[in-house]
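Below: the structure, in structure tokens.
In the working numbering, the protein residues as written are 200 to 307.
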């Protein structure tokens with residue numbers, strides 16, 4: 200991972216924005232470790248993926264727009280009504296978002 204951000208929404212919705220060197224690294228992270236464990240707790244989850252020339256993180260507004268137009272649902276154990284309806288509320292970020300940094304070379 201080159202960089203990332205965990206955005207806490209006012210309604211207990213979390214947006215994870217990340218930029219990866221390559222798709223293989225992103226998939227390796229997505230399918231293992233902490234990410235895989237936390238996904239078991241979600242009642243609403245979705246993903247949108249795109250490539251870009253810039254290494255800059257997208258804004259939460261850009262991510263939301265892409266999620267609405269191109270996003271797909273992830274499997275969750277206990278989906279809520281928003282998940283089932285594929286509804287993506289406009290993010291209302293709270294202060295104190297976390298910057299996400301790679302922990303090792305194998306993270307990508």
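All C-beta atoms, glycine included, are put in the ideal place defined by N, C-alpha and C.
Close-in-space but distant-in-sequence residues of the same chain around residue 242 (CB under 7 Å, 5 per side omitted): 275, 277, 278, 279 and 282
Residue from 210, 286 and 215 whose Cα sits closest to the Cα of residue 299: 215
Tell me whether residue 204 is buried or exposed, calling it buried when 16 or more other Cβ atoms sit within 10 Å of its Cβ. buried
Answer yes or no: do residue 265 and residue 249 have a C-beta to C-beta separation smaller than 9 Å? yes
Select from 245, 240 and 251 the residue whose C-alpha is nearest the C-alpha of residue 219. 251
Grab me the residues of residue 253's own chain with a C-beta within less than 7 Å of its C-beta, minus the 5 sequence neighbours each way, in chain order. none
Is it buried or exposed, residue 259, if we count other Cβ atoms within 10 angstroms and call 16 or more buried? buried
Where residue 203 sits in the DSSP three-state scheme: strand
Is residue 235 helix, strand or coil when you go by DSSP? helix
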